[in-house]
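Before any comments, here is the structure.
2 protein chains.
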Amino acid sequence: MPAAERRPLTRERVVTAALRLADRRGLDALSMRRLGAALGVEAMSLYKHVPSKPALLDLLVERVLAEIVLPPPDVTWDRRLRHVAHELRRVSLAHPHVFPLLATRVPASPQALAPLETLLGALADAGLDDGETLRHFWTVIGWATGALLAETAAATGAGAASLSIPADLDAAAFPVFARLGAAIAACDFAEEFGRGLDVLVAAVRAAATKRQARPARGVGARRRRPPA
Amino acid sequence: MPAAERRPLTRERVVTAALRLADRRGLDALSMRRLGAALGVEAMSLYKHVPSKPALLDLLVERVLAEIVLPPPDVTWDRRLRHVAHELRRVSLAHPHVFPLLATRVPASPQALAPLETLLGALADAGLDDGETLRHFWTVIGWATGALLAETAAATGAGAASLSIPADLDAAAFPVFARLGAAIAACDFAEEFGRGLDVLVAAVRAAATKRQARPARGVGARRRRPPA
DNA sequence: ACCTGAACACCGTTCAAGT
DNA sequence: ACCTGAACACCGTTCAAGT
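Protein sequence lines, in the order shown, are assigned to chains F and U.
In this text, residue positions in the first sequence follow my numbering: the first is 1, and each later residue adds one.
In this text, residue positions in the second sequence follow my numbering: the first is 1001, and each later residue adds one.
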């Protein structure tokens, strides 16, 4: 193993090396000791730049989310929504071993929050009120999380394709399952991601259209704000 | 700590004790040594009943999913869909520390697969073709996974509410985020789960209606007119 | 002031030795 | 045949001692 360059250790270098280690050898291989070795340093030196291992995992999440390229702000809301979703898919597949962390830990830095703001903005611009915006935000985020958890698990070969038909499945007790078995096994993740997005964009459009047909009723419009 | 009963150790007792330990003290506290201690036995004795710790975690997932009560088969498809979703939410909140495992590991036993079969059956009965059934299946599963990951994280106090506004958020750079901050913090998970379900049921209904309005086209078969 | 060796309190798992 | 003590190869983290 060639000694790592003697550049001074920084938080950025630590996170970069951690991401590389996780990408190459999986999350289980990411130990403080191994990470130190990859940087040509003792494990204990890492604690100068990172408070703890959980904190390092949070930094990993922020780093990956920061790789998302935002859409130009002047395109239609549905293109912005699709853009963010596809970018999330892109960076997730670039770091499939890390994805379970993305699904589990919440980012706090502005860079990691920016894609979420873009998504919220797209939904608001679709014509949803605040409550509907939040609701559809959760639906999109939740759907993407679940879909990508399945796809990244398949990519790492770890947890099977998130739904595989056991060989000894009782076809009489599980008729639909048995019928769809082939379709499940042959699932084209890329196409399914696009079609799932179609379903959700259509749902947003339907909600917005319905709202437009209704007499306008803002959130809290009935209540009067107390004077500041 | 009272010595556990001297009943003979079985796989079932091991899984039960593991679930109780994870529920009470969190997943991090579930070590083979501690689990052995809870059963009044040495850690190494567990390996007689369970091949490894990852295998034990899989058994934990199966146990929790088996707690789902299936709907009666004779109710409408949308009630069956809602029933399964609400049951998944119920058992998830009964074991919030275990939920990250549910989102990450795929069940294989018939008992754990039964709720999925019910969900697939409901979608097929809604009038979707095979491809659409699978697509909406993923949408529902993905959405529920994401929503419950957020809710269980909030319940364990672990990862914040999956979306919290940092105190120092730049309101100018994150206008929608800042506007929705209060609504996010006050989110009523139970109501939001129901409304998210409404969105997805409506999406299924729309797809089914659209299909019905289309000239019938079976999977891989051109429509053939029955002789008049 | 920075880095680190040794140490502490743990892990999952193996296996030879006990009963 | 079953159980287990000791051991192996690791963990994350602390801290006093070195430079």
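We put the CB at the ideal spot given by N, CA and C, even for glycine.
*Should the stretch 1077 to 1092 of chain U be called in touch with the stretch 1043 to 1054 of chain U, which here means at least 3 C-beta pairs below 8 Å?*
Counting Cβ pairs under 8 Å, fewer than three are found: no touch.
*In angstroms, rounded to a whole number, what distance separates the CA positions of Glu191 of chain F and Ala1173 of chain U?*
For Glu191 of chain F and Ala1173 of chain U, the distance between alpha carbons rounds to 34 Å.
*From U:Ala1124, U:Val1106, U:Val1069, pick the residue whose C-alpha is nearest to that of Trp1077 of chain U; which is it?*
Answer by Cα proximity: U:Ala1124.
*Taking all protein chains shown into account, do 16 or more other C-beta atoms lie within 10 angstroms of the C-beta of Asp1058 of chain U, making it buried, or fewer, making it exposed?*
Counting Cβ neighbours within 10 Å, Asp1058 of chain U comes out buried, since at least 16 surround it.
*For Ala66 of chain F, is the beta carbon positioned less than 8 Å from some heavy atom of the ligand COA?*
Looking at this structure, you won't find the ligand COA or any other ligand, since it has none at all.
*Among residues of its own chain, excluding the 5 on either side of Pro115 of chain F, which ones have a beta-carbon nearer than 8 Å to its beta-carbon?*
Cβ within range, chain order: Leu65, Ile68, Leu70, Val84, Glu87, Leu88.
*Three-way DSSP call (helix, strand, coil) for Ala1173 of chain U in this model*: Note: Ala1173 of chain U maps to coil in three-state DSSP.
*Along chain U, in chain order, which residues have C-beta atoms closer than 8 Å to that of His136 of chain F?*
One finds Val1199 in chain U with Cβ atoms closer than 8 Å to the Cβ of His136 of chain F, taken in chain order.
*Start-to-end residues for the alpha helix (DSSP H) that takes in His1086 of chain U*: Run containing His1086 of chain U: 1077 to 1094, per the alpha helix (DSSP H) assignment.
*Using a C-beta to C-beta distance shorter than 9 Å, which residues of chain U count as neighbours of Pro166 of chain F?*
Within chain U, Ala1108, Ser1109, Pro1110, Leu1113 have C-beta atoms less than 9 Å from the C-beta of Pro166 of chain F, given in sequence order.
*Taking the C-alpha atoms as reference points, what is the distance between Ala1161 of chain U and Ile1184 of chain U?*
Legend: pLDDT at Ala1161 of chain U = 47, less than 50; position of this residue unreliable, value from coordinates given subsequently. Going by the C-alpha atoms only, they are around 9 Å apart.
*asked:* Could you check whether the stretch 100 to 115 of chain F touches the stretch 1105 to 1113 of chain U, counting it as contact only if at least three pairs of C-beta atoms, one from each stretch, sit closer than 8 Å?
replied: Between the stretch 100 to 115 of chain F and the stretch 1105 to 1113 of chain U, the count of C-beta pairs closer than 8 Å stays below three; the two stretches do not touch.
_Helix, strand or coil for Glu1192 of chain U? Go by DSSP, reduced to three states._
DSSP, reduced to helix, strand and coil, places Glu1192 of chain U within a helical segment of the structure shown.
_Thr1156 of chain U versus F:Asp28, F:Thr104, F:Leu56, residue with shortest Cα-Cα distance_ = Of the listed residues, the one whose Cα sits closest to Thr1156 of chain U is F:Thr104.
*Could you list which residues in chain F have their beta carbon closer than 7 Å to that of Asp1170 of chain U, in chain order?*
Listed by position along chain F, the residues whose Cβ is nearer than 7 Å to that of Asp1170 of chain U are Pro110.
_Can you check whether the C-beta of Ala1103 of chain U is within less than 9 Å of a C-beta belonging to chain F?_
Output row for Ala1103 of chain U: interface = yes.
*Interface residues of chain U around Val64 of chain F at Cβ under 7 Å?*
Simply none; closest approach about 16 Å.
_Mapping the DSSP letters down to three states, classify Ile184 of chain F as helix, strand or coil._
Helix.
_Here's the rule I'm using: 16 or more other beta-carbon atoms within 10 Å means buried, otherwise exposed. How should Arg1080 of chain U be labelled?_
Arg1080 of chain U comes out buried.
*Among the residues of its own chain, which have a CB less than 8 Å from the CB of His1095 of chain U, if the five just before and after it don't count?*
For His1095 of chain U, where only same-chain residues beyond five positions count, the Cβ hits under 8 Å are Leu1019, Ala1022, Asp1023, Val1064.
*Determine the direct distance from the alpha carbon of Leu1009 of chain U to that of Gly232 of chain F, and round the result to whole angstroms.*
Outside the shown range of chain F (1 to 228) lies residue 232 of chain F, about which nothing can therefore be said.
*Are the beta-carbon atoms of Leu101 of chain F and Asp1130 of chain U separated by less than 9 Å?*
No, the Cβ-Cβ distance between Leu101 of chain F and Asp1130 of chain U is not below 9 Å.
*Please confirm whether Ala1208 of chain U and Leu1128 of chain U have their CB atoms less than 9 Å apart.*
Yes, the Cβ-Cβ distance between Ala1208 of chain U and Leu1128 of chain U is below 9 Å.
*Out of curiosity, what's the CA-to-CA distance linking Arg1205 of chain U and Thr152 of chain F?*
So the two alpha carbons sit approximately 30 Å from each other.
*Going by other Cβ atoms of all chains shown within 10 Å of its Cβ, with 16 needed for buried, is Glu1012 of chain U buried or exposed?*
Burial call: exposed.
*Identify each residue in the stretch 1043 to 1076 of chain U for which the Cβ-Cβ distance to at least one residue of chain F is less than 8 Å, and report them in chain order.*
When C-beta distances to chain F are compared with 8 Å, every residue of the stretch 1043 to 1076 of chain U stays at or above that value.
*From the DSSP output, in three-state form, read off Asp28 of chain F for me.*
Judged by DSSP in its simplified three-state form, Asp28 of chain F adopts helix.
*Within 8 Å of chain U by C-beta, residues of the stretch 172 to 205 of chain F in sequence order*: Answer in chain order: Ala173, Phe174, Pro175, Val176, Phe177, Arg179, Leu180, Ala183, Ile184, Cys187, Glu192, Arg195, Gly196, Val199, Leu200, Ala202, Ala203.
*asked:* For Ala1178 of chain U, which residues in the same chain have their Cβ closer than 8 Å to its Cβ, ignoring the five residues on either side in sequence?
replied: In the same chain as Ala1178 of chain U, and ignoring 5 residues on each side of it, the C-beta atoms closer than 8 Å to its own belong to Ile1165, Leu1169, Ala1171, in chain order.
_Since Leu60 of chain F and Val98 of chain F should fall inside the 8 Å C-beta cutoff, what is the C-beta to C-beta distance between them, to a whole number of angstroms?_
Their Cβ separation, rounded to whole angstroms, is 6 Å, which keeps Leu60 of chain F and Val98 of chain F in contact under 8 Å.
*May I ask you to report which of helix, strand or coil DSSP gives Leu148 of chain F?*
Leu148 of chain F: helix per DSSP, three-state reduction.
_Run of the alpha helix (DSSP H) containing Thr1118 of chain U, from where it starts to where it stops_ = 1110 to 1125 is the extent of the alpha helix (DSSP H) around Thr1118 of chain U.
*Is Thr133 of chain F near Gly1142 of chain U, with beta carbons less than 9 Å apart?*
9 Å or more divides the Cβ of Thr133 of chain F from the Cβ of Gly1142 of chain U.
*Can you find a CB in chain F that lies within less than 9 Å of the CB of Ala1153 of chain U?*
Ala1153 of chain U counts as touching chain F.
*C-alpha distance - Gly1121 of chain U paired with Val176 of chain F, whole-angstrom precision*: Separation of Gly1121 of chain U and Val176 of chain F (C-alpha to C-alpha, rounded to the nearest whole angstrom) is 6 Å.
*asked:* Tell me which residue opens and which closes the alpha helix (DSSP H) that Thr10 of chain F is part of.
replied: Looking at the DSSP string, Thr10 of chain F is not in any alpha helix (DSSP H), and its letter there is neither H nor E.
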